[in-house]
Amino acid sequence: MIKIYDTKQRAKVDFETLEHGKVKMYVCGPTVYNYIHIGNARTFISFDVIRRYFEWRKFDVVFVQNVTDVDDKIIAKANEEGRSAHEVAAEYTKAFIDDMHAVNVKDPTIRPCATQEIPDMIKLVQELVDSGHAYEAGGDVYFDVRSFPQYGELSGRNVDEMESGHRELRTEGIADRKHDPLDFAVWKAAKPGEPAWDSPWGKGRPGWHLECSTMAQKYLGLPFDIHGGGADLVFPHHENECAQSEAATGRVFANHWMHSGMLRINSEKMSKSLGNFLLLRDVLKTVDPNVLRFLMLQTHYRSPLDFSSDRLSEAETALGRIVTFVRNLDWGIENAAGLQDVFDPAIVKDECRKEKIAFITAMDDDFNTSKALGTIFDFIGKKNAEIGGSALSVRDVASAQEIRDLIMELMGVFGLQMDKLVAGDEPQESDAFPPEIVTLAAEVAGYEGSDGAEAVDALLAARAEARAAKDWAQADAIRDRLGALGFAVEDTPQGARISRVED
Ligand SMILES: [Zn+2]
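Heads up, the sequence shown is in the numbering used here, so the first residue is 2 and it goes up one at a time.
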């Protein structure tokens, strides 16, 4: 049974789908007036992993994510740059989708844009007015918070306490057309030069919260299973979405609410004023998207995540260990003949099954990715110990393949692009064989080809020949020069083999 932490219930609860085998989820998308920062990226990557896990567990997932393409911030940016709001929104919508693809976030099943849904939004506003939950004032329409007794339940706020916080503002003359300072706009009268649509209340545009309410209801129906977003959206955005939708329809809006934690930079809150505001696309100029994703997976999605260059390099090293393990298996699979048996097929089968269960147990517990990664490292560590720090001695290809398939499958659930990483173009120590091996084999063993594995065979054969001829100097020279390239030669009863020296 999958358990999720439900923000509204303030508890980890059993997750039961409303419709058998189907998960309907809505995750608030971006307001497209700028490039997204890595805090936003954390939210989207978190929910991408949650979605991928549901899919891997064979749920049919309908994932809806809106684009807010009309908003005060978009209009402000457009005015600043002398462009239309539409132009600004189109540019940053495209940039957002590109950014999501860059970090391997899957496209939503449906990606509605607010400006394409205005008639349905007007309909929802009308329903609120008709049912007495909203009122018109000077072309604006406001939700009457006091008309909905459950207001505050999602974010755990008390309406009377919130009211007293607002009283001060009111006495300072900031009070507006609202009947009550807590009321919020579901429809905003157009100011000159703003994008506007005709409505029963004159020209205007929808409020942000109302946009999400409309699109979630339209594409998922009510109630749906999960509403997600960053923790910064709990109040007021999600509280307001929930209030409007439930007041207008008399139905439950979302069955569960899930929120991802904040991202901090070097233990500080990310903010423009602190000058530590990082855009995702700037981070990706120097950081592999898989490393960034891996860093995020190392922290549970609800916990605050600390982003720093130290943590990035730790993530890179840890991910590199998994990649190296798979490359070593690949080498073993390709060069199996004549090598030593290290795996017992029956034991491997059983251990793979156990690892899969451990992974599922961790992920079923509110998507505990860091714990699930821990199970993978335990599994790899054990296998590495069995093969003596080197995977260059695998005769049981089927077992090696089974281990490889499992690792690739589980890493795929996390959205990590393992095929790319294992194929890796980056010339580094994790590469199967450096080209110097071929050069060395040509020099000391007369090897004429260009294949790293063949070159190793040639070198080991040359060393064996030298030893047979009691030419210890030559045998040691070959060993030392392999050592300089990062490979240790080990003599075993089955003959010599080489292993990569782990640093
Ligand atoms: Zn929303």
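All residues carry an ideal CB built from backbone N, CA and C; glycine is no exception. Everything numeric in this text was worked out from a predicted model, so none of it was measured.
Item to complete: Please indicate yes or no: does the CB of residue 243 lie closer than 7 angstroms to some heavy atom of ligand 1?
Response: no
Worksheet entry | Nearest to residue 110 (by Cα), restricted to the options 66, 137, 139 | 66
Worksheet item: So what's residue 227 in DSSP terms, helix, strand or just coil?
Response: Under the three-state reduction of DSSP output, residue 227 falls in the strand class.
Worksheet item: Among 181, 453, 368, which residue has its Cα nearest to the Cα of residue 57?
Response: 368
Worksheet item: In the structure shown, what three-state DSSP assignment does residue 87 receive?
Response: Three-state DSSP puts residue 87 in a helix.
Worksheet item: Under the three-state reduction of DSSP, which class applies to residue 67: helix, strand or coil?
Response: Looking at residue 67 - three-state DSSP - the assignment turns out to be coil, as it is neither helix nor strand.
Worksheet item: Is residue 375 near ligand 1, with its Cβ less than 7 angstroms from a heavy atom?
Response: no
Discussion item. Between the alpha carbons of residue 134 and residue 410, how many angstroms are there, rounded?
Written reply: Just so you know, the alpha carbons of residue 134 and residue 410 end up roughly 50 angstroms apart.
Discussion item. Assuming contact is defined by CB atoms lying nearer than 8 angstroms, are residue 124 and residue 52 in contact in what I supplied?
Written reply: Contact: no.
Practice prompt. Identify whether residue 207 lies in helix, strand or coil by the three-state DSSP scheme.
Written response: strand
Worksheet item: What does the shell around ligand 1 hold, if a residue joins when its beta-carbon is under 5 angstroms from any heavy atom?
Response: Residues whose Cβ lies closer than 5 angstroms to any heavy atom of ligand 1, listed in chain order: 29, 213.
Worksheet item: Are the CB atoms of residue 190 and residue 141 nearer to each other than 8 angstroms?
Response: yes
Item to complete: Check whether the Cβ atoms of residue 262 and residue 304 sit closer than 8 angstroms, and answer yes or no.
Response: Against a cut-off of 8 angstroms, the Cβ pair of residue 304 and residue 262 comes out as a contact.
Item to complete: Could you name the residues of the same chain whose beta carbon sits closer than 7 angstroms to that of residue 407, not counting the 5 residues immediately before and after it, in chain order?
Response: In its chain, beyond the 5 residues on either side, 353, 356, 357 have a beta carbon closer than 7 angstroms to the beta carbon of residue 407.
Worksheet item: Between the Cα of residue 445 and the Cα atoms of 316, 414, 481, 434, which residue gives the shortest distance?
Response: 481
Worksheet item: Whole alpha helix (DSSP H) runs in the stretch 453 to 492 with 4 or more residues, listed along the chain?
Response: 453 to 469, 473 to 485
Discussion item. For a quick check, are the C-beta atoms of residue 448 and residue 442 less than 8 angstroms apart?
Written reply: yes
Worksheet item: Tell me, which residues are paired with residue 114 by DSSP?
Response: 68
Worksheet item: By the 10 Å Cβ neighbour count, where 16 or more other Cβ atoms means buried, how is residue 10 classified, buried or exposed?
Response: exposed
Worksheet item: So what does DSSP say about residue 25, is it helix, strand or coil?
Response: strand
Fill in: Separation of residue 68 from residue 392, as counted between CA atoms
Annotation note: pLDDT 44 at residue 392 (below 50); position unreliable, no value reported.
Discussion item. Looking only at its chain, what residues have a beta carbon closer than 7 angstroms to the beta carbon of residue 313, apart from the 5 residues adjacent to it on each side?
Written reply: Excluding its 5 nearest sequence neighbours in each direction, residue 313 has C-beta neighbours in its own chain below 7 angstroms: 288, 292, 296, listed in chain order.
Worksheet entry | Helix, strand or coil at residue 257 according to DSSP, with G and I counted as helix | If DSSP states are grouped into helix, strand and coil, residue 257 belongs with the strands.
Worksheet item: Taking contact to mean at least 3 C-beta pairs separated by less than 8 angstroms, is the stretch 222 to 232 in contact with the stretch 247 to 267?
Response: Contact holds: three or more Cβ-Cβ distances are below 8 angstroms.
Worksheet item: Among residues of its own chain, excluding the 5 on either side of residue 118, which ones have a beta-carbon nearer than 8 angstroms to its beta-carbon?
Response: Once the five neighbours on either side are set aside, the close Cβ partners of residue 118 are 212, 215, 216, 219.
Fill in: Sufficient close CB pairs (3 or more, under 8 angstroms) joining the stretch 24 to 38 to the stretch 75 to 92
yes
Worksheet item: Which residues mark the beginning and the end of the beta strand (DSSP E) in which residue 6 is found?
Response: Unbroken beta strand (DSSP E) run through residue 6: 4 to 7.
Fill in: Reference residue 20, options 375, 351, 269, 256, closest by Cα
256
Worksheet entry | Sequence-distant residues of the same chain with beta carbon closer than 6 angstroms to residue 344, five excluded per side | Excluding sequence positions up to five before and after residue 344, its CB lies within less than 6 angstroms of the CB of 397, 400, all in the same chain and listed in chain order.
Worksheet item: For residue 221 versus residue 250, is the C-beta distance shorter than 8 angstroms?
Response: Cβ distance not < 8 angstroms, so residue 221 and residue 250 don't count as in contact.
Worksheet entry | Residues of its chain near residue 64, where Cβ-Cβ distance is below 6 angstroms and the 5 sequence neighbours each way are ignored | 26, 52, 109, 110
Discussion item. Using the Cβ count rule (16 or more neighbours within 10 Å means buried), how would you classify residue 1?
Written reply: The chain is shown only over 2 to 504; residue 1 falls outside these bounds and no answer can be derived.
Discussion item. Below 8 angstroms on the Cβ atoms is my contact criterion, and I expect residue 103 with residue 285 to pass it. Report the Cβ-Cβ distance as a whole number of Å.
Written reply: 6 angstroms
Fill in: First through last residue of the alpha helix (DSSP H) which encompasses residue 441
436 to 446
Discussion item. Using C-beta distances below 8 angstroms, list every residue in its chain close to residue 113, excluding the 5 sequence neighbours before and after it, in chain order.
Written reply: Residues of the same chain with a CB within less than 8 angstroms of the CB of residue 113, apart from the 5 flanking positions on each side, are 65, 67, 68, 216, 219, 220 in chain order.
Discussion item. Less than 8 angstroms between the C-beta atoms of residue 197 and residue 205, yes or no?
Written reply: yes
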